[in-house]
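First to last, the sequence lines map onto chains H and A. Using our numbering, you'd call the opening residue of the first sequence number 1 and step up by one each time. Using our numbering, you'd call the opening residue of the second sequence number 1001 and step up by one each time. C-beta: ideal position from N, C-alpha, C; glycine also.
There are 2 protein chains.
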Amino acid sequence: MEIELINTGSELLLGRVLNTHQQWLGETLSDAGYILTRQETVPDTAEAICEAVKVALGRADLVITTGGLGPTSDDITRERIAGMLAKPLHHDEAIAEHITSFFARRARPMPESVLVQAQVPEGAVVFSNEHGTAPGLAMELSGTGDGGSPPWLVMLPGPPRELRPMVEAQVLPFIQRELPLAAAFHCRTLRSMGIGESMVEDQLLTRLRPLMDQGLDLGFCARTGQVDIRLCGHGDGVPGLIDEAEALIRGEFGKYIYGTGGESIAQVVVEQLIENGETIAVAESCTGGFLGHHITGIPGASAVFLGGVLSYSNELKQKLLGVRGETLEQHGAVSKAVAMEMAEGARAATGADHALSVTGIAGPGGGSTEKPVGTVWLGLASAGERPLAVKKHHPYNRETFKQVTVNQSLELLRRRIQRER
Amino acid sequence: MEIELINTGSELLLGRVLNTHQQWLGETLSDAGYILTRQETVPDTAEAICEAVKVALGRADLVITTGGLGPTSDDITRERIAGMLAKPLHHDEAIAEHITSFFARRARPMPESVLVQAQVPEGAVVFSNEHGTAPGLAMELSGTGDGGSPPWLVMLPGPPRELRPMVEAQVLPFIQRELPLAAAFHCRTLRSMGIGESMVEDQLLTRLRPLMDQGLDLGFCARTGQVDIRLCGHGDGVPGLIDEAEALIRGEFGKYIYGTGGESIAQVVVEQLIENGETIAVAESCTGGFLGHHITGIPGASAVFLGGVLSYSNELKQKLLGVRGETLEQHGAVSKAVAMEMAEGARAATGADHALSVTGIAGPGGGSTEKPVGTVWLGLASAGERPLAVKKHHPYNRETFKQVTVNQSLELLRRRIQRER
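Listed below in structure tokens is the structure:
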């Protein structure tokens, strides 16, 4: 099955905004067994949009467009595509009422121009927009030439907070109904930290090979400091193959696997803390709050996250966390001893069951021969346990350094709290 | 001039990684007057890559590819494109030496296979890779049909930390030399916070119109809680028009403009603090460290950022920041009084010249009729000034809420420290 995504918007080509649709739609579709075969971005001109849609409809089974369905003068997708496909536009009263009540609920005056969004091409399926005004649209087309079944065109609104819930609740079920897969698709992603793709291949490929010969598709995706192991395939026998493969992988690398599916490491940690009825605090130096940000990014984190200290300066390490002056003097701020005292200090200051600490050199300045840029100590203190600290080296740019460091810090805690179960 | 970008990589279409090349290259090129006219993502198959490159070379003046230049089996861009264009590959000893020393410097064993990256198509220009092993390549092509000047094909490595410095130092100057603009391009972006696009249009369009009639291109880009005002144009008269337009806009909205060019609000604030010789601390509740993360994301921040407190719980607000129990009881944690006491407490605890505080309801839970989800108070305390606090309402998702809140908090400080100059 050929599926093409066309993102419209000159601001994407000017680089003013990041195109997150490609990643989100690509992942959402592929997790359901539908693989994007091509993606394209075109400017907001009638000519570019129509040509791209026309060419794509000539070769694909499903063409998805994003953007250009709003009420302003550069929102031309609906009107121009309908014109190109010779589908007259009709006023849809239900959509008009939705738009009117959308403005009324927000007590905002409604410009007459927004009702253009209630125009629907003849025969189109309408996807209601729960978070905005422009509905999504789907049209089955005929006569595009190659004699196969006619392609579908799906047009989605541009804002992610409108598009995403629409796709999840309405568009994906619609695609599964209208374009069913030849064989049921099954997929499981194991998320790991601390192992490399080649380690898995080196140690397991001979044992995984027979499963792959039976139809299991094994894929890897390296993210910053992480590797996702993707086990997929089509057909009724695949769930059994996935189970076997997962058992093999967990047998060898179980402790490195922090979750399955779309979970982040922060989510796994916060949910485990909630389940354990335990609390957490942080003491951050070089990450400057990024660890706390990740924990508090998970809805419900307030049940387990008490807070913490950003002890960027040595003075604050002493004053707020009780790190001893002589420890700083003897070992320096980036050291095992200071990481442990920071974690213990954060527990003492907050009364949390666990505390994570981070102290390192993010760069670009501040490094030395003994402690080069990228050196970082991660500490962990827990009630009734001896504190521990591990050393890592991440000679990356500041942003990547922080991201990898935060993930590894959370992983340190995960191994402790999941072990406790 | 037609410029097309082709991103290769099945992992992009599977949504396993975010395509940041489009945004970064789009912005970098357009700031130099080169506008991407189309972007496409294709899978790692020889057929898809060759077809996309061939079609693009048939209509564009410059085609840029990313990815597929590495040493592994799915890195096929160089070999297959060279084959398609009938350019034999030659071993380049200088590149081979660079690769060998790259491994030697890192004391890592070098697999023989990596030397495939030293293969260069006949006549190609080589861009050295300072941060990796695969060089970039440029080829001028002939005979692609339309009679105009022959197009250029530029092939870049996939990893952003290799691609970006290569583009800035080598590729952009190369493009400017080989594909000069008909008239010099000038561009200035004013970054604003607190005003809407329509406010600028409503109040200034009649006065800006004469400048636009003379060739000034006025564009807006709304980011979360911010609007970038872009003043651009081609020709020698444009710098004068940009100056006039900037003066008009600053005359009306000067205090909302925090910077020009690629500066972030955090960068402006940190640089101003460095210039003023002042220090900053934070007291964060609902942002959970994201404010500190933004400040410490700026290289050199350690000169001005002392640290702070993540006072997620009320207990920590009292214990570490000295917020009074009766203030919390009388006004609640999300209140003007608590925001001010948090900021004052952070100054007292750290000795910083300024302290920013944030207390709010990020949601999805925790809202009430009186204080709905999205309510947030931003506080600021400074040496020798009375503390202040302002109320905002951001009924967005958790991530957007945090981003807008952090930006506005930094903006609060910017207005104070820039006013002091």
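What residue from A:Q1330, A:V1338, A:S1311, A:I1298 has the CA that sits closest to P364 of chain H's CA?
Of the candidates A:Q1330, A:V1338, A:S1311, A:I1298, the one whose C-alpha sits nearest the C-alpha of P364 of chain H is A:I1298.
Can you give me the Cβ contacts of L426 of chain H inside the same chain, cut-off strictly under 8 Å, excluding the 5 residues immediately before and after it?
Look at the range of chain H in this structure, 1 to 421, and you will see that residue 426 of chain H is not part of it.
Cβ closer than 9 Å: which chain A residues qualify as neighbours of W152 of chain H?
What W152 of chain H touches in chain A: nothing, since even the nearest Cβ is about 19 Å away.
Among the candidates H:S264, H:T260, H:L231, whose CA atom is the shortest distance from the CA of T224 of chain H?
Out of H:S264, H:T260, H:L231, H:S264 has the C-alpha closest to the C-alpha of T224 of chain H.
Any C-beta of chain A sitting closer than 7 Å to the C-beta of H186 of chain H?
Taking Cβ atoms only, chain A never reaches closer than 7 Å to H186 of chain H, which makes this a no.
In terms of DSSP beta bridges, what is H90 of chain H paired with?
Paired residues: H:V120.
How would you list, in chain order, the residues of chain A whose beta-carbon sits under 7 Å from the beta-carbon of W24 of chain H?
G1015, listed in chain order.
Does the beta-carbon distance from M139 of chain H to L153 of chain H come in below 7 Å?
Cβ atoms of M139 of chain H and L153 of chain H: closer than 7 Å.
Per DSSP, R188 of chain H forms a beta bridge with which residues?
According to DSSP, R188 of chain H bridges with H:L231.
Taking only three categories from DSSP, how would you classify M212 of chain H?
M212 of chain H falls in the helix class under three-state DSSP.
Starting from I1035 of chain A, find everything on chain H with Cβ-Cβ shorter than 9 Å and list it in chain order.
In chain order: S10, L13, L14, P43.
Any contact between the stretch 301-314 of chain H and the stretch 367-383 of chain H? By contact I mean 3 or more CB pairs, one from each, below 8 Å.
These segments do not touch.
Near R1250 of chain A, what residues of its chain come up, given a Cβ to Cβ distance below 7 Å and the 5 sequence neighbours on each side ignored?
Within the same chain, R1250 of chain A has close Cβ partners I1257.
In chain A, which residues lie with their C-beta within 9 Å of the C-beta of L320 of chain H?
Under the 9 Å cutoff, chain A gives G1307, V1309, L1320, A1349, T1350.
Taking 8 Å as the threshold, find out whether the stretch 1183-1192 of chain A comes into contact with the stretch 1234-1251 of chain A through three or more Cβ pairs.
Taking 8 Å as the limit for Cβ pairs, the verdict is that the stretch 1234-1251 of chain A does touch the stretch 1183-1192 of chain A.
For Q22 of chain H, which residues in the same chain have their Cβ closer than 6 Å to its Cβ, ignoring the five residues on either side in sequence?
The answer, listed in chain order, is Q39.
E27 of chain H versus chain A: which residues are under 9 Å apart at the beta carbon?
Ordered by position in chain A, the residues that pass the 9 Å Cβ test against E27 of chain H are L1014, G1015, R1016.
Which ranges would you report for the alpha helix (DSSP H) in the stretch 1329-1364 of chain A if only whole runs of at least 4 residues count?
Within the stretch 1329-1364 of chain A, the complete alpha helix (DSSP H) runs of at least 4 residues are 1336-1350.
To which residues does DSSP link H1393 of chain A through a beta bridge?
A:T1375.
Roughly how many angstroms lie between the CA atoms of D1074 of chain A and A343 of chain H, to the nearest whole one?
Each residue's Cα considered, the two are about 44 Å apart.
At what residue ranges does the stretch 223-288 of chain H contain a whole run of the beta strand (DSSP E), taking only runs of 3 or more?
Within the stretch 223-288 of chain H, the complete beta strand (DSSP E) runs of at least 3 residues are 226-234, 257-260, 280-284.
Determine, for L1316 of chain A, whether the minimum Cβ-Cβ distance to residues of chain H falls below 7 Å.
For L1316 of chain A, the answer is yes, since a Cβ of chain H falls inside 7 Å of its Cβ.
In three-state DSSP terms, what is N407 of chain H?
N407 of chain H falls in the helix class under three-state DSSP.
Looking at L321 of chain H and S335 of chain H, is the spacing between their C-beta atoms short of 7 Å?
Contact flag unset, no.
Closer than 8 Å by beta-carbon distance: list the chain H residues that pair up with L1291 of chain A, in chain order.
Those are G289, listed as they occur along chain H.
Check the C-beta distance from I1081 of chain A over to A1118 of chain A and give it rounded, since I have them as a contact under 8 Å.
Not quite, the Cβ-Cβ distance comes to about 16 Å (not below 8 Å), so this is no contact.
Would you kindly check if the distance between the Cβ of A339 of chain H and the Cβ of T359 of chain H is under 7 Å?
For T359 of chain H and A339 of chain H, yes; Cβs fall inside 7 Å.
Inspect the beta-carbon positions of I947 of chain A and T1037 of chain A and report whether they are closer than 7 Å.
The first residue shown for chain A is 1001 and the last is 1421, placing residue 947 of chain A beyond what the model contains.
For chain A, check one thing: does any of its Cβ atoms lie closer than 7 Å to the Cβ of P428 of chain H?
Residue 428 of chain H falls outside the range modelled here, since chain H spans only 1 to 421, and no answer is possible.
Kindly list the residues whose CB is nearer than 8 Å to the CB of M84 of chain H, restricted to its own chain and excluding five residues on each side of it in sequence; keep chain order.
Around M84 of chain H: C50, V53, K54.
If we ignore side chains and look at the alpha-carbon of each, how far apart do R414 of chain H and Y34 of chain H end up?
For R414 of chain H and Y34 of chain H, the distance between alpha carbons rounds to 33 Å.
Checking contacts by CB at 7 Å: is E1002 of chain A closer than that to chain H?
It does not: the Cβ of E1002 of chain A has no partner Cβ on chain H nearer than 7 Å.
Mind checking if Q1039 of chain A is an interface residue toward chain H, Cβ cutoff 7 Å exclusive?
Interface residue, yes.
Residues in the stretch 394-408 of chain H with C-beta within 9 Å of chain A's C-beta atoms, listed in sequence order?
Flagged, chain order: Y396, N397, R398, E399, T400, K402.
Consider the C-beta atom of Q1318 of chain A and the heavy atoms of the ligand HEM; say whether any pair is separated by less than 6 Å.
No copy of the ligand HEM appears in this structure; indeed no ligand is present at all.
Please list the partners that R422 of chain H has in chain A, where partner means a Cβ-to-Cβ separation under 9 Å.
Residue 422 of chain H is absent from the model: chain H starts at 1 and stops at 421.
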